[in-house]
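Colleague: Can you keep this structure in mind? I'll have questions shortly.
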Amino acid sequence: MSIFDQDQRKDYMGVLARARPDRLAALLPDLPDHTWLRAPEIGTTMVRGRVGASGAPFNLGEMTVTRCTLQLADGAVGHAYVQGRDKGHATRAALIDALIQSGQQPEVTTPLLTTLRTEETERRRIRDAKAAATKVEFFTMVRGED
46 MSIFDQDQRK DYMGVLARAR PDRLAALLPD LPDHTWLRAP EIGTTMVRGR VGASGAPFNL
106 GEMTVTRCTL QLADGAVGHA YVQGRDKGHA TRAALIDALI QSGQQPEVTT PLLTTLRTEE
166 TERRRIRDAK AAATKVEFFT MVRGED
């Protein structure tokens, strides 16, 4: 896999991980046959932060994640890590990863990813608009100077 392909995979895996689980289930209701290499399991991971985004790193806290690895009949392997405790979400994300890597069903995976990207963009636009509506402009008035 080339560097460009790794960047693409990082992008679509992020889209799948951030997708709403119920929406992903609606877009991919039928699961292709697969074999578990690592059945969905729930655990925690440490989230790290940086002061001012550039300072020294510190441990912010733990976050619950679900991970799994599966293999399709053609040998393609899919992995997924998703936030939360939804095993179905992790399973579908791993299946889509395997389908994309095997080149199978682009007629399913391409529109699915396009739909999820569009929905994510719209959710972000709405969130940003709500945040912008609450923006406060502060100013200082100076007293006693001419």
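Read left to right, the sequence shown gives residues 46 to 191 (our numbering). Where a beta carbon is used, it is the ideal one built from N, C-alpha and C, also for glycine.
Just to confirm my understanding: we take L76, look at its own chain, exclude 5 residues before and 5 after, and list those with CB closer than 8 Å. What are they?
Modeller: If we look at L76 and ignore the five residues flanking it on each side, its Cβ neighbours are T136, R137 and L140.
Colleague: Using only the alpha-carbon positions, how far apart do D142 and E165 sit?
Modeller: Cα to Cα, D142 sits roughly 18 Å from E165.
Colleague: Counting along the chain, where does the alpha helix (DSSP H) carrying V60 start and finish?
Modeller: Unbroken alpha helix (DSSP H) run through V60: I48 to R63.
Colleague: Count the other CB atoms within 10 Å of the CB of M186; is the residue buried (16 or more) or exposed (fewer)?
Modeller: Exposed, because fewer than 16 other Cβ atoms sit within 10 Å of the Cβ of M186.
Colleague: Does the separation of the CB atoms of H134 and T159 fall below 8 Å?
Modeller: Against a cut-off of 8 Å, the Cβ pair of T159 and H134 comes out as no contact.
Colleague: Apply the 10 Å Cβ neighbour rule to G59 and answer buried if 16 or more other Cβ atoms are within range, or exposed otherwise.
Modeller: Per the 10 Å Cβ criterion, exposed.
Colleague: Does the Cβ-Cβ distance between V127 and A84 come in under 8 Å?
Modeller: No; because the gap between Cβ atoms is not below 8 Å, this pair is not in contact.
Colleague: Is it true that the segment 169-182 meets the segment 148-157, where meeting means three or more beta-carbon pairs spaced less than 8 Å apart?
Modeller: Flag = no, the segment 169-182 and the segment 148-157 do not touch.
Colleague: Please return the same chain residues whose Cβ sits closer than 7 Å to the Cβ of A104, not counting the five positions on each side in sequence.
Modeller: First, the residue type needs correcting, since residue 104 is Asn and not Ala in the sequence shown. Here the set comprises M91 and R93.
Colleague: Let me know the secondary structure DSSP gives E182 once reduced to three states.
Modeller: Coil.
Colleague: Do L115 and L82 have their C-beta atoms closer together than 8 Å?
Modeller: It is a contact, given that the beta carbons lie within the stated cut-off.
Colleague: If I follow the unbroken alpha helix (DSSP H) through R68, where does it start and stop?
Modeller: Here the alpha helix (DSSP H) through R68 covers P66 to L72.
Colleague: Distance, Cα to Cα, I171 vs D56?
Modeller: When rounded, the distance between both Cα atoms is 21 Å.
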